[in-house]
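A.B. asks: Following the working numbering, the numbering of the sequence shown begins with 79 at its first residue and continues without gaps.
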Amino acid sequence: MIPENLSFYLFTPRVHNGAVNVFFAGLIFNLSLILGLGPQNALILKYGLRRQHITLVIIICALCDISLLVLSGVGVGLILEKAPIVLEVLRYGGFLFLLWFAFTCFRDAVHPKTIDVHTTTEAAPQHHDDGGRRVEDSPVTAGVAGDEDAVSHRGSAVITKTRPHPVHIPEEIKGPALAAFMVSVVNPAAWVDLFVVIGSTSASYGAGKWMFLLGTMAASLVWFPAFGYGAAALSKPLSSPKVWRGINTVIGLFMVFMAFRVLLM
79 MIPENLSFYL
89 FTPRVHNGAV
99 NVFFAGLIFN
109 LSLILGLGPQ
119 NALILKYGLR
129 RQHITLVIII
139 CALCDISLLV
149 LSGVGVGLIL
159 EKAPIVLEVL
169 RYGGFLFLLW
179 FAFTCFRDAV
189 HPKTIDVHTT
199 TEAAPQHHDD
209 GGRRVEDSPV
219 TAGVAGDEDA
229 VSHRGSAVIT
239 KTRPHPVHIP
249 EEIKGPALAA
259 FMVSVVNPAA
269 WVDLFVVIGS
279 TSASYGAGKW
289 MFLLGTMAAS
299 LVWFPAFGYG
309 AAALSKPLSS
319 PKVWRGINTV
329 IGLFMVFMAF
339 RVLLM
């Protein structure tokens with residue numbers, strides 16, 4: 079909780095406020111909004127403790143926050159006031175998603191797994207030859223190994239024909255990526271905070287509006303990595319199935335609470 083006198087000093091615009099003061103006002107203001115345990119923080123906590131895809135989740139949450147903050151700066155909050163149906167769609171969509179997320183937590187609580195604190199799924203697999211050396215996938219090795227027509231000889235030179243490969247997103251990252259996007263965007267509480275609360279506060283700074291918004295963006299860039307990697311650092315003492323069962327149960331109950339809170343907004 080920010081002291082009243084400090085809150086007044088930071089969040090009451092004054093002519094003599096410099097750019098640095100406005101920046102830190104935005105940073106502290108947004109930190110005061112995101113420090114509480116909400117859907118975003120619960121998701122980051124879960125993947126941080128599991129040491130799985132935490133970097134991906136942090137990046138998506140931060141980018142979504144920054145994108146919404148930019149939209150609030152260009153006046154999208156006015157659209158919400160004139161089209162409340164948008165918040166209605168988000169309200170029911172967020173309710174259903176949070177219930178689904180709670181279900182996955184309860185499912186993991188019933189069938190807990192020991193967290194491997196020594197390896198993560200973020201590391202790309204490496205292939206080794208019989209001598210233990212890493213074999214890089216390259217047009218030359220791919221052509222020699224799998225496509226005789228892709229290699230031709232001209233004197234002593236080897237010419238390879240490369241073929242375009244379709245972009246493939248691994249199945250294992252689709253779930254975390256979608257979850258991070260949903261808790262960041264399909265969440266009416268986040269829209270109210272970012273568009274209405276932060277949007278109106280930034281507008282009160284007049285010419286310093288974007289400096290204030292830069293401060294709020296910095297808050298997201300500071301908090302999400304600190305919280306996510308901090309949770310990962312605690313994964314070792316919290317890696318037993320018994321502890322993980324309790325964590326999933328608590329997060330699941332919290333998500334059910336948040337789902338009905340969103341529905342009743």
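C-beta atoms are modelled at their ideal positions from N, C-alpha and C, and glycine is treated no differently.
Spell out whether any CB of chain C is found under 8 Å from the CB atom of residue 173.
C.D. replies: Of the protein chains in the structure, only one exists, and it is not chain C.
A.B. asks: When the Cα atoms are used, what is the spatial distance from residue 259 to residue 145?
C.D. replies: If you draw a straight line from the Cα of residue 259 to the Cα of residue 145, it is about 12 Å long.
A.B. asks: What three-state label does DSSP hand residue 323 in the structure shown?
C.D. replies: Per DSSP, reduced to three states, the secondary structure at residue 323 is helical.
A.B. asks: Report yes if the CB atom of residue 261 is closer than 8 Å to the CB atom of residue 118, and no otherwise.
C.D. replies: yes
A.B. asks: Taking the straight line between their C-alpha atoms, what separation do you get for residue 139 and residue 325?
C.D. replies: 21 Å
A.B. asks: Thinking residue 171 and residue 264 are a contact (beta carbons under 8 Å), I'd like their distance in whole angstroms, please.
C.D. replies: 5 Å
A.B. asks: Which whole-angstrom value describes the C-beta separation of residue 337 and residue 180, a residue pair presumed to lie in contact below a C-beta threshold of 8 Å?
C.D. replies: 7 Å
A.B. asks: Please state the DSSP three-state secondary structure of residue 110.
C.D. replies: helix
A.B. asks: Go ahead and pull the three-state DSSP assignment for residue 152.
C.D. replies: coil
A.B. asks: Around the Cβ of residue 304, are there at least 16 other Cβ atoms within 10 angstroms (buried) or fewer (exposed)?
C.D. replies: exposed
A.B. asks: Whole-angstrom Cβ separation of residue 276 and residue 108, contact assumed at under 8 Å?
C.D. replies: 7 Å
A.B. asks: For residue 94, count the other beta carbons within 10 Å of its own beta carbon; 16 or more makes it buried, fewer makes it exposed. Which is it?
C.D. replies: With a pLDDT of only 43 at residue 94, under the threshold of 50, the placement of this residue in the model should not be trusted, and no figure is reported.
A.B. asks: Alpha carbon to alpha carbon, how far is residue 330 from residue 339?
C.D. replies: 14 Å
A.B. asks: Measure the C-alpha to C-alpha separation of residue 212 and residue 185 and round it to an integer number of angstroms.
C.D. replies: Confidence in residue 212 is poor, its pLDDT being 46 and thus under 50, which makes the residue's placement too unreliable to answer from.
A.B. asks: With a Cβ-Cβ cutoff of 8 Å, do residue 127 and residue 309 count as a contact?
C.D. replies: yes
A.B. asks: Return yes when the Cβ of residue 135 is within less than 8 Å of the Cβ of residue 123, no when it is not.
C.D. replies: no
A.B. asks: Where residue 113 and residue 315 are concerned, what is the direct C-alpha to C-alpha distance, given to the nearest angstrom?
C.D. replies: 23 Å
A.B. asks: Under three-state DSSP, which class holds residue 256?
C.D. replies: helix
A.B. asks: On the three-state DSSP scale, how would you describe residue 116?
C.D. replies: coil
A.B. asks: Compare the beta carbon distance of residue 187 and residue 327 with 8 Å and say whether it is the shorter of the two.
C.D. replies: A contact, by the Cβ cut-off of 8 Å.
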